[in-house]
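Q: Dumping the structure here so I can ask a few things about it.
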Amino acid sequence: MRRPVLLLLFLLLAPPAWPVEAPGARHDINVPFEDAEYEQWVGMFERPGREVYDRRHQIVEATGAWRGAVVADIGAGTGLFTRLFARVVGSEGRAYAVDISRGFVKNILRTTRAEGLSNVEGIVNTQTETLLPANSIDIAFVCDTYHHFEQPRPMLASIRRALRPGGMLVVVDFERIEGKSSVWVLEHVRVGKEEVIREIEAAGFRFTGQGDFLRENYFLKFMRTE
Ligand SMILES: C[S@@+](CC[C@H](N)C(=O)[O-])C[C@H]1O[C@@H](n2cnc3c(N)ncnc32)[C@H](O)[C@@H]1O
1 MRRPVLLLLF LLLAPPAWPV EAPGARHDIN VPFEDAEYEQ WVGMFERPGR
51 EVYDRRHQIV EATGAWRGAV VADIGAGTGL FTRLFARVVG SEGRAYAVDI
101 SRGFVKNILR TTRAEGLSNV EGIVNTQTET LLPANSIDIA FVCDTYHHFE
151 QPRPMLASIR RALRPGGMLV VVDFERIEGK SSVWVLEHVR VGKEEVIREI
201 EAAGFRFTGQ GDFLRENYFL KFMRTE
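Residue numbers for the sequence shown follow the numbering used here, beginning at 1 and rising by one.
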């Protein structure tokens with residue numbers, strides 16, 4: 001094949017470059033989680049009226065998690081989804097609760113053990129690393145947390161490393177639409193859905209579909225590309 005044709009093919013097939021201007025979240029939006037008062041956050045995250053709480057069972061079902069799967073709930077918060085995944089994957093599977101907040105992880109382990117869930121493991125991670133073992137998970141689940149990543153690029157690389165071949169990344173986050181979303185969303189959430197898809201595809205994932213059962217949030221699925 002002639003050189004210009006090869007170059008054209010390369011340009012067409014190469015994954016889009018990471019947008020140079022893409023920074024992460026401001027550190028201050030994560031400060032409230034550092035010395036998190038667990039019960040107070042349970043009241044915030046696990047309350048009727050929060051769309052991802054009201055639709056939590058539909059969300060878990062839409063991930064396609066199965067008995068025996070290994071799921072990592074990244075940015076687990078109070079463990080709302082960790083507990084649901086732990087029940088779905090059962091004793092043959094495992095649910096990792098991954099969070100930068102030591103207090104959240106400690107309390108998730110305390111409450112899940114009290115509920116008799118013995119398949120939950122906790123990881124206190126960093127803003128650049130999930131600290132999950134390589135090639136260990138089937139599903140990485142990131143709910144209301146992608147916009148909290150202060151360094152999305154290394155976090156996505158770390159999630160990719162943790163996924164088994166064919167593994168899936170699910171992202172649920174706030175719709176952010178200029179002129180339509182609330183001032184709080186526009187100020188708190190870094191980018192909208194299209195940009196999130198671009199960033200994740202540039203990090204070695206293929207967008208494979210989305211759910212249409214949420215109004216204030218979107219539900220996106222990606223596969224790890226090889
Ligand atoms: C808004 S809460 C969402 C909690 C939970 N996913 C839910 O939807 O109920 C965001 C969580 O992400 C955590 N977080 C922020 N940056 C993170 C990172 N790089 N890796 C893991 N967790 C992170 C925070 O400590 C916090 O618990």
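Each residue gets a CB set at the ideal place from its N, CA and C atoms; glycine is no exception.
Are the stretch 87–101 and the stretch 164–171 in contact at 8 Å, needing three or more beta carbon pairs?
A: no
Q: Within the continuous beta strand (DSSP E) that includes Asn-217, where are the two ends?
A: Sequence index remark: in the sequence shown, residue 217 carries index 217 (1-based). DSSP places Asn-217 in the uninterrupted beta strand (DSSP E) bounded by 217–224.
Q: Which first and last residues belong to the beta strand (DSSP E) in which Gly-103 is found?
A: Along the sequence shown, read from residue 1 onward, the residue named residue 103 stands at position 103. Not the beta strand (DSSP E): Gly-103 falls in the alpha helix (DSSP H), residues 102–114.
Q: If you pair each beta-carbon of the stretch 21–34 with each one of the stretch 99–112, do three or more pairs fall below 8 Å?
A: yes
Q: Determine, using beta carbons only, whether Leu-80 and Glu-129 come nearer to each other than 8 Å.
A: The sequence position of residue 80 within the sequence shown is 80, counting from 1. The sequence position of residue 129 within the sequence shown is 129, counting from 1. No, the pair does not count as a contact, with Cβ atoms beyond the cut-off.
Q: Figure out for me which residue from Gly-64, Glu-39, His-57 and Trp-184 has the closest Cα to the Cα of Val-170.
A: On the sequence shown, position 170 is the one that residue 170 refers to. If we check each option's Cα against that of Val-170, Gly-64 comes out closest.
Q: Can you tell me which residues form a DSSP beta bridge with Tyr-96?
A: The residue labelled residue 96 in the question sits at position 96 within the sequence shown. Ala-72 and Glu-121, per the DSSP bridge assignment.
Q: Under 8 Å between the Cβ atoms of Glu-121 and Tyr-96?
A: Reading the sequence shown from its first residue, position 121 is the one you call residue 121. Reading the sequence shown from its first residue, position 96 is the one you call residue 96. The answer is yes: Cβ separation under 8 Å.
Q: Out of Gly-192, Leu-109 and Asn-125, which one is the CA nearest neighbour of Ser-118?
A: Numbered from its first residue, the sequence shown carries residue 118 at position 118. Answer by Cα proximity: Leu-109.
Q: Do Ala-72 and Ala-140 count as a contact pair if the criterion is CB distance below 8 Å?
A: What you label residue 140 is simply residue 140 of the sequence shown in a count that begins at 1. What you label residue 72 is simply residue 72 of the sequence shown in a count that begins at 1. Taking 8 Å as the Cβ cut-off, Ala-140 and Ala-72 qualify as a contacting pair.
Q: By the DSSP assignment, the beta strand (DSSP E) with Arg-164 in it spans what residues?
A: Reading the sequence shown from its first residue, position 164 is the one you call residue 164. Its beta strand (DSSP E) spans residues 163–174.
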